[in-house]
Each structure stands twice: as C-alpha cells, then as structure tokens.
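Residue numbers (this note's numbering), protein chains in the order written: chain A, 1 to 486; chain B, 487 to 950. Reviewing the structure listed below.
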C-alpha cells in the first residue's frame, strides 16, 4: 500500500495541483535551461510540510509548522554545474531560474534540444509505505507521547531534574525531471522522536539522550520502541553517568556496541568513498580500487533499500533507483558511491546516491544506510576477550578529514573494560583514528548486527540529509582514546 | 543598482508586510503576534583546477510567525507570501497555538523594553551586489592559480570559492515595533591539496585560507589568499602523532574563535534555565584566567555580526561576558531572562521558523600585549593547534575532548606538523589555565580571538 497523500498535503506541482507540471511544460522548461548550450539539465520540484512539538518542564512549550515549496534547476556542461532555484512556480520565475542555471554553458555552441520527457511518471520502489502520514494524525496523540516520555524519565529516578522531549515529522513530495527524458516522483515521510534528561546529585550534573525514528508514520511507536522507553533510556544514561570517571588517554583496545557505532564506519570509510572526492582525487581512498583498505573481516555496504529506515529512498534526488552497493568486500575496496556526474566520469552506472537537502542545493554523492556486515562472535565473547580497554555504546557524532583520512567520534556513554568486564562509566571522550589504519585493526566482529534507530543526520558542503548506520559489535585492536588520564 | 541589490525601499516594503501580518493574526484572534520576513540573495562561484565547477545564483524570501494566545504560543513559517495565503496562514497559526500549554512568560517583551530607535551600523555595500558570476570566477581562477604557482608541493585542489549573501531583515510585533535593515557579506576561500610524496603513504593534506567582509574593498587580495592557503597546506605534509602526555597547548586564532563560541554555548540564559551549563551559579566568580576578557558587541559599524535590534525587537548593546576572568553576565533573550528573573541583554536571535534564543553578535576575546612570536618563544616546547575536529564537549559537565592538528613547538618555534591526536581537559580548567595571550586579534568573522596558550592539557597520541 503506497503512501496516501491527503488532499491538504498534496504538492501543487503534482497532477491535479494548482501548479501541475506535465511532460509538455517540463520539456519547454528544459529547453530553456539548455538554450545556452548545456549538455544536461534537470528540474527538482519539492513540497515539504513539517511540524514539531516540544515539551519542556512538563509543558508543551511550542508547536511549530512550516511549508516549503520550490524548484531547483541544474544545468551541466562537462564537469561544471549551473544552479538556480525559485520558490514561485509561475512560468516566468521558473524560466528565469532555468536561464540563470543555463548560463554556465554561455559562450559554447548552441545546445541540442532535449528529447521529449516520457509522459508517465515512472514507478519507483515502495520501501516506506505509510497508509496514513503522521501529519494528519491529531496532534493530541503526539502530545500524549511527549508526556509519556517525560513521565517515564522522571519516574526512573528522583535525581532526574530536567526532561525535554520532542517529536518532529515531515512529508516531502518530490518530482524529478531530467533532459534525458525521465520523470519520477516520490513521497518521503519521516518522523523523529527524542528525549533528553538531566540528572543532578549534589554538585554533580549529567545528561543522557535517547531517540529514534524512520520513514514511518505513528506506527514507529510499536513494540519496544515506545515513547516511555526512550524516556527511561535517556534517564538511565543521565543517572549512570553521574558516577563517570576520567577517561584514559592513549592507544588501546576498543569495543564498539552494535547499531549506532556504525557512525565510525560512516566517518572512517563512508565519506572517503563518495565518488566526488575520488573523481577529484582529493580522498585518501582515491585510486585504491582493488587494494586492501580494511581487515579481511570487513565487508561494508551502502544500502538505500532497507525498508522504512531513515536513510532509505525510493529514488535518489536525480531520479535514479537506490541500490545495495558493496563498497568494501573482505577488506578489498570494490566501489564508490556515485551521483550522475561521478558515474559519468568513471563510466559506471549511477549507484542511486545522488542526494540533496532541498531544492536550494545541487545533488552530491551521499550515503544512505551504511553497514558493516556481521561476523561469527557473540557480543559477550568479544567483551570478555579484552583485558583493558574501552566499550563505546552511545555517540553524539563524528567528523572526518577526507584528504588525510583522520576521523573522530564522540562517545557520550562508554565504559572501561577490565579483565573482560564492563566496569566504570567514563566521562565524555573522543576517539581519533585514521580510516584505513583503524579498519585494518578490526579483529573481531559480532553476530549481533543491528540497524540504528533512525536518528542520524549527515552534513556535507552545508547540506544535511538523513542517514542510517548498521554494525555488529566490533573489536578494534588499537585506536587512540582522547581522555584526560595518562 | 544590480538585479541583486537590496534597496531601502525593499526593506520598507518587507517591514510593512511584517506589520500587516501581525494585524492579520490579531484579527484571527491572537492576543499578540510577531512576524519576521527575510529576503536573501546568494551567488556562489567555484573554480577547480582552473575550470568553473559551479555557479549558483538565486533569491529567496520567507516569513516566520509567532503568535500568543492565553499564554500559549505557536511558531510557523512559509515561503508562500501571497496576500490571500497569508490570511489563511495567520488563522492556522492562531489555531495551532491552542495545542500548547499556557506559560505566563509567553508574551511579548514589555513595551518599555522595545527598541525606540535603530542605529545606522553601515552593514550594506552596494559594490558586493554588483559582483557578477564572471568576475567572481576570475577571482577564483586568480586565487587558485596563485596557490598552485607559489608552491610546487601543491599537487591538487579542492578549488577556490567566491560567495556573497545579500539580505534584508524586517521584524514587527503587534505592540507597534517595526524595524528593518539590510546587509551584505562576501567571502573567498582557497583550498589547496598536497599529496604526500611517499607512494606508500597515499594520504593527502588539505588546507585553506580565506577572507571575508561586508565590504568588497575590504576583502584581501585573491592571490594573497591563495599563497597563504598554499603555505598553510604544504606545512602539514608529513604530519605525525606525538606521544601521549601533558603539554602546553597554544591555540591559533582560527581555533580560539571556536573555543570562545564553546564558552558562549554555556554562558547564555537558555542553557542556564535548561540546566545545560556547568557555569550555573558562577556569575561574579572566576571562570577563566585573569588574562581573559570577552565581550559581545553588536554595535560595531561594518562588523560581520552587528545588528541594530535583536530578535525580540530590543535595542542591542555591548555586553561584557568575562572581565579579567570573572563571569559578569550571560547573554539572554526576553524569554530566558524571564525564566531567570532578570532583564534581557538584547541578545535574541531568531531563525525564520523558530523561537528567539540567545545568540552572539560580534563575540570578541580581547588581545594581549605580546606578539605571537614572543608567546611561542616563551613557550619553549608544546603543541600549537591549528584545527579541531568533532563535537566532544558536554555542556553539563564541561568535559572537553576533541581531535586536533597542528605543529610541535620546540625551542620556541613551530617545527614538524602533528595530526591524529586529541586534546582534552575540563573546559573550566582549560579557561583557567590560559597563561598567555597574544596581540594578533583580527575581526574577520563574527567571533574572534587572538592566539593564546593553555599551560597544560592532556594530549592523547601514540603509546611510545
């Protein structure tokens, strides 16, 4: 059952809308874009309705709602891109944007006319069917979830002194039309729920957070993913961290828990395998296809087709179908993630990774759901194997330098491992390593493969897109822990 | 005037629109309303390896609304500014407010708090508006070429980027405040890349240098930017880890400005009432070394972060945050000030779709007396940090741990490049251990700091 868009949320550029864009109109607009001699053009129409609800101090403090509508026009000439956008879908404004974007090709011989745009909107996959978008569910239901999370966090321990809970939802409708004749549309729902708790004990204060979501409606809140569970989890971390001790400093063994630890992968190898950096040879993975870039235990994929995951897409923002792309197979680098421009450069098929934040920005090769595939060990075996090290469980984010491969990620919940057992919780600390060097140090993988509960957002060139990560428990023989204790 | 220009007439038109929408909200049943309208225009031109890579040019406009009714509030935004749509939008926003719960602090600023006059701060340069894509691309070509020619070790490039933003801001509330202003900002970056010469080490070294100003004539020369970018990038070739241990750490101004931003993230009213700051209860006490003075000054003419009124419609003013190491005040908007039982410091900022919150304008750490060379010489040995990575700061506890790059200081001079290490300390200790401040303060961006030294921090690196 595909996502049903109720009339009040229907994009004005889709059939029947106030600014309906049909194949004939699209063709005319593409012809304007290519008039100055461009060799390719695409149109990206976007309509996004979003809402958010925030509860603080046991009160719903703010409710918000926003609507954005616009068209982005891209024209390429060789490797050069011209880009313009408009928030007004009148012919004059759209044609103006098309002409501005087309100027990138100014001075070149007249362009060829684009072929006609196929009349039918191409069918796409249906990876996140939502019978009823959350935006049409009465707000009272969402406020009840916030209250449930708040109560659960407070009930967990009297030392919880502050709780914030938020629910964010949006429905994005896109229509992509390219000068090679494709016309594709998609409806992308997304929800995200988050709780943050602050604990106080004497003059000690700590915080903890928990959240999740995905390309879903209110059915996200089923099973153990209920609002109260997030409230309890945030409170649990805030209380556990009250006893945190100074983290150690220096190189040591580190065990990463399943799921969210995938952000290590996202930073250590993911960005470096986005093909724009490799086309320009600015990544430390440039020209490394066929080389051993990780331990033979590591097989890394980027998979845009995981049902309902935060990073999944039915179609990318250039109109290409998402795929399950193998990036590293048994430690050997086998492929990059492509957008149209890089796929053309490398003479390969587009991999369905051309993504953009909104109609205001041009597509770039981006990750979807990035995963390290599981191995043979149990979680307990891996922890038990470590004499002295750090166990990393929760993270606030990471960052990578594409060129030299150095990456960091920040631990918000971690423990010392002593003689194979988790002992003292550690104060917030960073891990730093070099992508290929750390991946070569992976020496045990768990069978407990887990997809992160959708909460991650990836930033690149100022554009944010939702992503997913997945890993089993991972043991790294040696990585630098940035604590304060020698 | 170019097509991109922001005229004073446009500012007036948008101010009238903002005031009109406040009336629509009142007519729809709101007790009070605020409307913010932004009109912006951007041009980005990028060149890589001598060829144009991107030209992006567009304008956009949006309206943000906040309404109050019976102590409840709602915040909405739209880019559909047709008169008829706005009426409907006002009605929907007022209805939305009924979903929130009453909070007696949810109301407009008191009438006597609102700005009475708006100082002229000289924030707009028509010359920036007149730049076209062709000229911007020429700057990029010149800057990138200068980088490549100045040092043979520059083997690749992430490109050179010239961008400008022009904008008008108009704000009104139903208590009669109406204000608007326009601004310009231009920036230019060059990002060279050097390949490590050893084929067994496939690492690349990237770096950058930049210039920015609200005024075109104040931008540094494109070639000079390129040459400095090349020098900074090539200097990082062969970066290596240093052993784990406690050392003196000197922070470059590029890093220092982000560290005073970290201080602001815990020295504001919102972090205080949310208990998300290790500085709660510390006003009037030492939170940094006596060498540290930090102000936030929105009234500097032509400065990048200046603003004539704040996001609540209050007059802006210079606030002293840290004076000789003592925390004097934290920056507040009206709501956080009320939560804390005090007056706003006129520091509200607001985005188009959000509530106001405390923000900085021009956040500046005062310069010391010695030169950077004198500071390094006096340091003898230690770590000089040129960039930080990651998000390792816990505002509640002050725990600070971030990835770092830089140079090793030996004999009072910068020697070999260093990478893949972390620097850590509790932020409270970090600020109190500042024992030297240089005189090299430059206000190129909206936060600025001189070079300074922290007597000791834990560096995590290699085991040897």
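All residues carry an ideal CB built from backbone N, CA and C; glycine is no exception. Being a predicted model, the structure only gives us computed values, none of them experimental.
Query: Would you grab the beta carbon distance between residue 190(A) and residue 215(A) for me? Rounded to a whole angstrom, and I think it's under 8 Å.; Result: 6 Å
Query: Hey, does residue 278(A) have any beta-carbon neighbour from chain B nearer than 8 Å?; Result: no
Query: In the DSSP assignment, the beta strand (DSSP E) including residue 805(B) goes from what residue to what residue?; Result: 805-809
Query: Please report the Cβ distance between residue 249(A) and residue 946(B), rounded to the nearest whole angstrom; I am assuming they are in contact, meaning their Cβ atoms lie under 8 Å.; Result: 4 Å
Query: Taking only beta-carbon positions, decide if residue 597(B) is within less than 8 Å of chain A.; Result: no
Query: Which residue from 911(B), 820(B) and 703(B) puts its Cα closest to that of residue 828(B)?; Result: 820(B)
Query: With 8 Å set as the bound, which would you pick, yes or no: does the beta-carbon of residue 761(B) sit closer than that to a beta-carbon of chain A?; Result: yes
Query: Kindly list, in the order they appear in chain A, the residues whose Cβ is closer than 7 Å to that of residue 877(B).; Result: 396, 397 and 410
Query: Among 798(B), 867(B) and 706(B), which residue has its Cα nearest to the Cα of residue 659(B)?; Result: 798(B)
Query: Since residue 875(B) contacts residue 735(B) with CB under 8 Å, what's their CB separation in whole angstroms?; Result: So it is not a contact: roughly 15 Å between Cβ atoms.
Query: Run through DSSP, which three-state label would residue 167(A) get?; Result: strand
Query: With a threshold of 8 Å, are at least 3 pairs of Cβ atoms found where one atom belongs to the segment 919-931 of chain B and the other to the segment 847-857 of chain B?; Result: yes
Query: Just how far apart, CA to CA, sit residue 427(A) and residue 623(B)?; Result: 48 Å
Query: Here's a check: name, in chain order, each residue in its chain whose Cβ is nearer than 7 Å to the Cβ of residue 645(B), leaving out the five neighbours to either side.; Result: 532, 533, 534, 539, 630 and 677
Query: Should residue 1(A) be flagged as near chain B, meaning a C-beta pair shorter than 8 Å?; Result: Any reading at residue 1(A) needs caution, since the residue's pLDDT is 47, under 50, leaving its predicted position unreliable; the model's value is listed next. No, because no Cβ of chain B sits closer than 8 Å to the Cβ of residue 1(A).
Query: Would you please verify whether the beta carbon of residue 574(B) is less than 8 Å from any beta carbon of chain A?; Result: no
Query: With respect to the beta strand (DSSP E) encompassing residue 780(B), which residues constitute its N-terminal and C-terminal limits?; Result: 780-782
Query: Give the straight-line distance between the Cα atoms of residue 310(A) and residue 457(A), rounded to the nearest whole angstrom.; Result: 9 Å
Query: Count the other CB atoms, across all protein chains shown, that sit within 10 Å of the CB of residue 1(A); report buried if there are 16 or more and exposed otherwise.; Result: With a pLDDT of only 47 at residue 1(A), under 50, the local geometry of the prediction cannot be trusted, and no value is derived from it.
Query: Return the chain-ordered list of same chain residues with a C-beta closer than 7 Å to the C-beta of residue 507(B), the five sequence neighbours on each side being excluded.; Result: 521, 549, 551, 572 and 576
Query: Could you check the C-alpha separation between residue 126(A) and residue 308(A) for me, to the nearest Å?; Result: 10 Å
Query: Give the secondary structure of residue 138(A) by DSSP, where H, G and I count as helix, E and B as strand, and everything else as coil.; Result: coil
Query: Does the distance from the C-beta atom of residue 585(B) to that of residue 554(B) stay below 8 Å?; Result: no
Query: Give me, in chain order, the residues of the same chain whose beta-carbon lies closer than 6 Å to that of residue 60(A); leave out the 5 immediate sequence neighbours on both sides.; Result: 143
Query: According to the neighbour-count rule (16 or more other Cβ atoms, all chains shown, within 10 Å of its Cβ), is residue 964(B) buried or exposed?; Result: Absent from the model: residue 964(B). The displayed extent of chain B is 487 to 950, so no value can be given.
Query: Secondary structure at residue 156(A), three-state DSSP: helix, strand or coil?; Result: helix
Query: Are the beta-carbon atoms of residue 848(B) and residue 936(B) separated by less than 8 Å?; Result: no
Query: I think residue 716(B) touches residue 640(B), with their Cβ atoms under 8 Å apart; what is that distance to the nearest whole Å?; Result: 5 Å
Query: Whole beta strand (DSSP E) runs in the segment 357-382 of chain A with 3 or more residues, listed along the chain?; Result: 369-372
Query: Would you check if the segment 195-214 of chain A and the segment 877-884 of chain B touch, i.e. whether three or more CB-CB distances between them fall below 8 Å?; Result: yes
Query: Relative to the C-alpha of residue 156(A), which candidate in 401(A), 239(A), 349(A) and 332(A) has its C-alpha closest?; Result: 239(A)
Query: Could you list which residues in chain B have their beta carbon closer than 9 Å to that of residue 104(A), in chain order?; Result: 538, 540, 541 and 619
Query: Mind checking residue 662(B): buried by the 16 CB within 10 Å criterion, or exposed?; Result: exposed
Query: Considering residue 793(B), what are the terminal residues of the beta strand (DSSP E) in which it resides?; Result: Taken as a continuous stretch (DSSP letters only), residue 793(B) belongs to no beta strand (DSSP E), as it is neither H nor E.
Query: On the DSSP bridge list, what partners appear for residue 880(B)?; Result: Note: residue 880(B) sits in no beta bridge, so no partner.
Query: For the candidate residues 643(B), 511(B), 528(B) and 633(B), whose alpha-carbon lies nearest to that of residue 583(B)?; Result: 511(B)
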